[in-house]
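Heads up, the thing below is written out as structure tokens.
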Amino acid sequence: AMAPGKKITARIKRTLPVKGPQAPTLSELMRWYCLNTNTHGCRRIVVSRGRLRRFIWILLTLSAVGLILWQCAELLLNYYSASVSVTVQFQKLPFPAVTICNINPYKYSSMKDYLSELDKETKKALETFYGFSEGKSKVRRSVNEWNSTGNDFFKQIPLLKFEDFSKTATDLHSGQKRKIEGSVFHKDSSIVNSGDSNDIGFQLCDANNSSDCALYTFSSGVNAIQEWYKLHYMNIMAQIPLETKEKLSYSADDLLLTCFFDGLSCDKRHFTRFHHPLHGNCYTFNSGENGTILSTSTGGSEYGLQVVLYIDEADYNPFLVTSTGAKIIVHDQNEYPFIEDIGTEIETAVATSIGMHFTRSRKLSKPYSDCTETGADIPVENLYNKSYSLQICLHSCFQKAMVDSCGCAQYAQPLPAGAEYCNYKKNPNWMYCYYRLHEKFVKEQLGCQQICKDACSFKEWALTTSIAQWPSTASEDWMLRVLSWDKGQKINKKLNKTDLANLMVFYKDLNERFISENPANTLVILLSNFGGQLGLWMSCSVVCVIEIVEVFFIDSLSIVMRRQWQKAKKWWNDRKRDRSGKGPQAGDPERQGHDNPVCIDEDLPTFNTALRLPLPQDNPLPRTPPPNYSTLRLETAFTEQLPDTLEVGQH
Amino acid sequence: QGGSVKTGKMPEGEKMRQCKQEEQQQQKEEEREGLIEFYGSYQELFQFFCSNTTIHGAIRLVCSKKNKMKTAFWSVLFFLTFGLMYWQFGILYREYFSYPVNLNLNLNSDRLTFPAVTLCTLNPYRYSAIRKKLDELDQITHQTLLDLYDYNMSLARSDWASLSARKRSSRSLLHHVQRHPLRRQKRDNFVNLPENSPSVDKNDWKIGFVLCSENNKHCFHQAYSSGVDAVREWYSFHYINILAQVPDAKALDESDFENFIYSCRFNEATCDKANYTHFHHPLYGNCYTFNDNSSSLWTSSLPGINNGLSLVVRTEQNDFIPLLSTVTGARVMVHDQNEPAFMDDGGFNVRPGIETSISMRKEMTVRLGGSYSDCTEDGSDVPVQNLYSSRYTEQVCIRSCFQLNMVERCGCAYYFYPLPAGAEYCDYTKHIAWGYCYYKLLAEFKADVLGCFHKCRKPCKMTEYQLSAGYSRWPSAVSEDWVFYILSQQNKYNITSKRNGVAKVNIFFEEWNYKTNGESPAFTVVTLLSQLGNQWSLWFGSSVLSVMELAELILDFIAITFILAFRWFRSRQQLPPPGPPPNSHANTAFQDEAPSLGTPHRFTVEAVVTTLPSYNSLEPRGQSRDGEVGHE
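Chain order of the listed sequences is G and C. Residue numbering for the first sequence is 1 to 651, as defined by full-length UniProt numbering. Residue numbering for the second sequence is 1 to 632, as defined by full-length UniProt numbering.
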């Protein structure tokens, strides 16, 4: 079993004999390298005559090496740079999805049952604080079980009128003054109407620890009442199931009066319902749900989407929303419409033309920039059923933090699995928790902004809005009559022009601007630049780099190692001899040799001289080398050296 | 084994001796090697060069003299590659000096600093406050309108009688106004007066006013196709003059923030008084700039309407100057901090009774300065003095440029722009013909005769805000009762015209991230060097160090020439003793070298050891050399 292994090693030794470096010492090695290398500069160091000249050449060579290293480092550092190319293509463009919502989320008339108590409370607040009373009070007294329980909560978080710089406040209900403690939010030393010092606001307290309160004040009563109303409204809405909410909101028939797309008539079947927690039922045109995405063949307002919306202003919630109109958002079919953030408002009694300009951008991912292609590498679960975007990630992240720390989900964002929306019946503490958490989120303490990354590719529709009076005085009469007739049995009254909004969404041109990043450097360019630098300064190549590695690392190391090995061996032998009790006369010169630093360096003078031995014969000058000379001088060196080498060979 | 050890260790003393000897020899060698050594002859120099150079083609060219055919072949090749290389070099240099740039697109998603937002009332002064100053002009305008259009303007006639009484006392204004009368003329009648404005109308009638130089010699007609434009322009021309006469125009405007802005919220928090600064614009009225102080800037935590600035403003018009303010509403402008708000450049009008939601997209453009593009970093290298206290922008520069030209040419400063040191505002009681001068200058300015557009370079770093607006009716019919009621309670706002009296503005970021369009050099020095090196290696296989070799050769050549010339000169001088070795003793540089001149390969390795005295003694010509060594 041993034999074949040994045989193989013996064979390898025979066929591939491993020999040591070309020279016995480092300086010899360097000299040999410089004389034989293809790299420029090094040969001159050896060959030049004169110390100054040699010094200059050493300097030049070293600076060339330094320059190469510096420039190559610079090339490497700039390797991951990208350049941008912009292409403009003229093509048939897919029409984006257009989501349209009424600003008012739910029909006020059908919400009466749920909101009557809250409205009553709001009106009471208006009356107490401002002396405002609606002449025609039409608050229905249909107090059912549900409302009576909700009532307690209004009392828990009442509107307060602050006096004396938020030290004391008047309660809406009891009318009593009470002392306010707690940290003040959104309140500065001198607010706009500080002269009056009758700010309105509310107070949110930690249910478990009532001394820990957050105070919200508003300089304008309009804002205060709206915010306060919204707070309670969200609680109420959170308790209503989704199906009911969809019924309470506008149907497609309610919202859309006429529809035209690309010169052809369209109807509600082209729209997909999408329920938004704050905006009720929204309708998405061209949502791509049935698999087909419409496209326009021509730019211009004639070939876009034209709709007339019915905005039933009389059925608006007076406290929740104060403006009239619709909101639209243009987005990709795979994108989630963040209508509450970036929707564009549409005015009533006006024709709004929205011209679009399409831009597609793509960034290079990882080494070039910190973006994500699909969002799969981001440790935040996408709660929305749409493709990744930064906005989605941030909202999902916040919602997750909300469920983790408050135990329930925020109403305006989708529900994570196994969680439910917050309402103060079940989670009496949620509002305080939410405001605290939101504060943290805004201050970037939740870490969401750090986790979430940009998406690498994104589409963008730049919108240009222009508005015109509509319908014109001349056409108003017949148009309203025809539209009322269209609306048919649904409403019996004649339409008013302030209930209507005309919207046109179209491509201004069919040019698609595509901005994409490309790597500015490829590996080929990098290598050729490296080659250029090496060649420019020293006429060096990959082979010479290998050569340098061989000579300066492997060979030099082996020389040093060999010397160390011999030293160690010598020391070992000496110790052995000392122990066996050899004469001190042998040790004496040895110590001498160790003390002499020059001779330590020339540890192997025998080898050295052996190498030099044949060289004088190459010398062109000596014509007849005298025999007695070489025997006299060099012979001794030779005999002296031989045993040493033998010794090496034997061990 | 013991024997071998023995023999190895026995000659230890001899070994040491030899070691020392060698060391001494090496020291001697080093001593003998001079600081600078030169070659004895050109022959030697070239031989050394040819055997040691690293330039590829050149060796063949210079060093293979023997074969004429080969030399010719190599010289053709040499010059061919030389030419090709320099052709390539030329292309590379041209590419480098065209300073190409790469476009970079960055999407930054750090916290967005909210820009400064300026909101103006669109009414310079309350009419009731400035009435006294303007009544004379109003009356003249009234008369003119009556004459020209047969329109009886319903000015408030409360102090009509006293006015006419005062008119007599101060005729100065009337006199000045009559110098620039508003006239309607047939087009044909203008033959004698050169027109300053291009004719745009097809009507026969034009309306305008005459502007004359100081001595009434040169006049021109500032003509307008529409009477509305003409009357407004004429009125504001006089209005400027009147304002310039008022020494403390600042005292007239009272900034009543609370009467203009009813409610202000940012990022769901109430705005602070410290968040805005106020300035007065002679045409746009009281302007309030939010978020302008650099100490505590607003940042938007999220995009969206709830995280932006939301304002409710008063847009009531009952105290407007009738002939000056023809627009109702408010004017909004979004601009960078420390940039003046030029309301006519980037303003956005807000309609009354409407909630205007302005969504912004931030876009930054960073150009490479220097030789890459014609832009300026901070405006310090632009030859126009910055009259504004803000940082450099192109608009600031252009306006400053115009104002400086105005002061230089017309002797007074235009009222709408800041006052340069030592100048005063134009006013026709002092500068009679400034109107003539101004309109002339304006025409020159627009045609870029003044070179303002040329001189003012774009800043390298620009921030743009792209705005798009959505409108909705505000307040809604069902909520307007309580909204107006609260507003009237809180702000003492008298509801006179209800919906037209208020407007709501929301300004917010549409996107979380903003775009940065940057530039980076496409062809840097590093790449240029790499490319040059590539070409060089390809055609010549030589490097910078080879060039150094050539330089050394040339230097050596010159040095040797000098030395030989010197030696020849000396040998001529010391002609009487014509010894065969004539030199060497006197020349210090050659003193060491002279003996070994004959051996060109002295530098090879064996030279260290083999120069042994016994060996030398066997040389045939060794005697003289021995003598020399001994001399040393």
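The C-beta atom is built at its ideal place from N, Cα and C for all residues, glycine as well. Here the structure is a predicted model, which is why all the values come from computation and not from measurement.
At least one CB of chain G lies nearer than 7 Å to the CB of residue 478 of chain C. Residue 279 of chain G is outside the set of residues whose beta carbon lies under 7 Å from a beta carbon in chain C. Residue pairing by DSSP puts residue 89 of chain G in a beta bridge opposite G:512. Any Cβ of chain G closer than 7 Å to the Cβ of residue 550 of chain C would place that residue at the interface, and such an atom is absent. Taking 7 Å as the cut-off, the Cβ atoms of residue 470 of chain C and residue 357 of chain C count as close.
One thing to note: residue 516 of chain C has its Cβ no nearer than 7 Å to the Cβ of residue 267 of chain C.
With respect to the C-alpha of residue 525 of chain G, the residue from G:75, G:45, G:32 and G:41 having the closest C-alpha is G:75. Taking a contact to require three or more Cβ pairs closer than 8 Å, the stretch 94-101 of chain G and the stretch 293-300 of chain G qualify as touching. Here the C-alpha atom of residue 459 of chain G lies approximately 47 Å from the C-alpha atom of residue 415 of chain C.
The alpha-carbon separation between residue 410 of chain C and residue 282 of chain C amounts to approximately 21 Å. Residue 157 of chain G and residue 133 of chain G have their C-alpha atoms spaced approximately 22 Å apart. Under a 10 Å Cβ-count criterion, residue 405 of chain C is classified as buried, with 16 or more other Cβ atoms of the shown protein chains found around its own Cβ. Leaving aside the five residues that flank residue 521 of chain G on each side, the residues in its chain whose CB is nearer than 6 Å to its CB run, in chain order, 79. The C-beta of residue 469 of chain C comes closer than 7 Å to at least one C-beta of chain G.
Shown here for residue 285 of chain C: same chain residues with a beta carbon closer than 7 Å to its own, the five before and five after excluded, namely 120, 121, 122, 123 and 124 in chain order. When Cβ-Cβ separations below 7 Å define contact, residue 358 of chain G makes no contact with chain C. For residue 404 of chain G, the secondary structure class from DSSP, reduced to helix, strand or coil, is helix. Taking a beta-carbon distance threshold of 7 Å, residue 47 of chain G counts as an interface residue toward chain C.
Secondary structure note for residue 83 of chain C: it is in no beta strand (DSSP E), and the uninterrupted alpha helix (DSSP H) holding it is 68-97.
For residue 458 of chain G, no alpha helix (DSSP H) run applies; the uninterrupted beta strand (DSSP E) run containing it begins and ends at 457-469, by DSSP.
Restricting attention to C:398, C:397 and C:431, the CA atom closest to the CA of residue 413 of chain C is found in C:431. At a cut-off of 7 Å between C-beta atoms, residue 469 of chain G does not count as an interface residue with respect to chain C.
Residues of the stretch 520-534 of chain C with a C-beta atom less than 8 Å from some C-beta of chain G are 520, 522, 524, 526, 527, 529, 530, 531, 532, 533 and 534, listed in chain order. Around the beta carbon of residue 4 of chain G, fewer than 16 other beta carbons sit within 10 angstroms, so the residue counts as exposed. Inter-residue distance for residue 395 of chain G and residue 413 of chain G is about 7 Å (C-alpha atoms, whole angstroms).
Here residue 111 of chain C has 299, 300 and 301 as same chain residues with Cβ atoms under 8 Å from its own Cβ, once five neighbours each way along the sequence are excluded. Counting only Cβ-Cβ distances below 7 Å, residue 483 of chain C has contacts in chain G at 222 and 322, in chain order.
Along the stretch 71-84 of chain G, the positions whose C-beta sits under 8 Å from a C-beta of chain C are 71, 74, 75, 78, 81, 82, 83 and 84, read in chain order.
Residue 406 of chain C carries a helical assignment under DSSP once its states are collapsed to helix, strand and coil. Excluding sequence positions up to five before and after residue 110 of chain G, its CB lies within less than 6 Å of the CB of 248, all in the same chain and listed in chain order. Distances from the alpha-carbon of residue 476 of chain C to those of C:335, C:305 and C:354 put C:354 closest.
Just so you know, the alpha carbons of residue 550 of chain C and residue 95 of chain C end up roughly 29 Å apart. A straight-line Cα-Cα distance of about 29 Å links residue 334 of chain C and residue 335 of chain G. Taking the Cα positions, residue 216 of chain G is about 52 Å away from residue 231 of chain C. Counting only the Cα atoms, residue 527 of chain C lies some 22 Å from residue 83 of chain C. Residue environment: residue 12 of chain G is assigned as exposed (fewer than 16 neighbouring CB atoms within 10 Å of its CB, all protein chains considered).
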